[in-house]
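The structure appears below as structure tokens.
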Amino acid sequence: MIDVHVHYYGNQQSEPGKSDKELIDKMNRCGISLSIVNSLTGLTDNDSSTGNLEVFNLVSSYPKRLLGMASVNPYHRIVAENELEKCLSVYKFRGLKLHPWIQGYYAHNKICFKIFEICEHYNVPILFHSGTPPYSQVGQIAYIAEQFSNVKIILGHMGLTYQWREAIELASSYENLFLDTCGITYPFALKKAISRVGVEKILFATDSPFLEPEMETLKLRNLKLSSEDWEKIAYKNAKLLFRINDL
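The structure is reproduced here in structure tokens:
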């Protein structure tokens, strides 16, 4: 399995090495072969470079188990743009995580457009927190998918409790709009997404450590999918989207 939505606290918020070991232990218990990790510090702190460096050091320590995903705040303009360039060109991170609700901007605000252009240039996907008004609504993110049709965009949490229906309809309308499975608690919502959007556009995710990987993994297994459909959601779609060739 490939988990596309994992946060890393870093050693600033725990004793050195503890959160690293806990992450790998959880992956091992749940049968997760690879996790794509972004920095919690990079989402919440004014200095995203520290968090991104922590992620780089982490994934460098576990190159067969972890890949990095950049975190920047578009409000920092040129600083954020330069940091993202470094993450994608030097650190070789595989995507960008944005959390407009925490960072305090509307997802479709034009201050983000240069960031989106950089992701388009490097051909990496953007994972958005979605489903939390007023800043992270799925309609705002779908607007980005329309304006930047060459950028692959993931609706993290599939719009959560109140916007999952809209998330499904929009993902079925935009070829470059994908859904991840974490945080959506209704089995019937996942079944609806599979039937309406198709298994090819749904990605397994846990939102660890905020949600328990054991529960998120069980949620997917309990859908009783065919082996072919399960494999696509569990890891094959992520391999294609993040260009992972060695798993």
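At the far end of the sequence shown sits residue 453, using the working numbering, and the numbering has no gaps.
C-beta atoms are modelled at their ideal positions from N, C-alpha and C, and glycine is treated no differently.
Just so it is clear, the structure is predicted and the values come from calculations on it, not from any experiment.
Tell me whether the beta-carbon of residue i lies closer than 7 angstroms to the beta-carbon of residue j.
i    : j    : result
I439 : R402 : no
P331 : I360 : yes
Q346 : A399 : no
G337 : G301 : no
L426 : F416 : no
P357 : C318 : Reading off the sequence, residue 357 comes out as Val, not Pro. In this structure, C318 does not lie closer than 7 angstroms to V357 by Cβ.
P419 : K232 : yes
I408 : L376 : no
C388 : E437 : no
H335 : W370 : no
S432 : V212 : no
Y328 : L294 : yes
A351 : N382 : yes
S254 : S225 : no
E289 : K320 : no
Can you check which of these residues, the options, is closest to residue i by C-alpha distance?
i    : options                : result
H305 : N279, A395, R449       : N279
K292 : W307, V261, I317       : V261
S239 : Y215, H213, S255, D209 : D209
Y311 : K298, N288, R283       : R283
R235 : T391, K397, L424, S379 : L424
Y281 : V265, T412, T250, V296 : T250
S378 : A348, T391, Q353       : A348
I230 : T256, V265, N252       : V265
M207 : F448, Y341, N451, Y441 : Y441
T256 : E228, G216, K227       : G216
Y214 : T412, N443, F448       : T412
N252 : G237, V296, Q309       : Q309
F354 : H363, E323, G362       : E323
G362 : Y380, Y341, I390       : I390
Taking residue i and residue j to be in contact with their CB atoms under 8 angstroms, please state how far apart those CB atoms are, rounded to whole angstroms.
i    : j    : result
V405 : E372 : 20 angstroms between Cβ atoms; not a contact.
N263 : G248 : 13 angstroms between Cβ atoms; not a contact.
L333 : K298 : That pair is no contact at about 17 angstroms.
L396 : L446 : Incorrect: roughly 20 angstroms between the Cβ atoms, too far for contact.
Task: Length at least 4, wholly inside the region 253-305: the alpha helix (DSSP H) runs in chain order - done: For the region 253-305, whole alpha helix (DSSP H) runs of length 4 or above, ordered along the chain, are 254-267, 284-295.
Task: Inter-stretch contact at 8 angstroms, needing at least 3 Cβ pairs: the region 243-251 / the region 268-276 - done: Output reads yes: the region 268-276 touches the region 243-251.
Open item on the list: Could you tell me which whole beta strand (DSSP E) segments of length 3 or greater appear in the region 373-442?
Closed with: Fully enclosed beta strand (DSSP E) runs of 3 or longer: 383-386.
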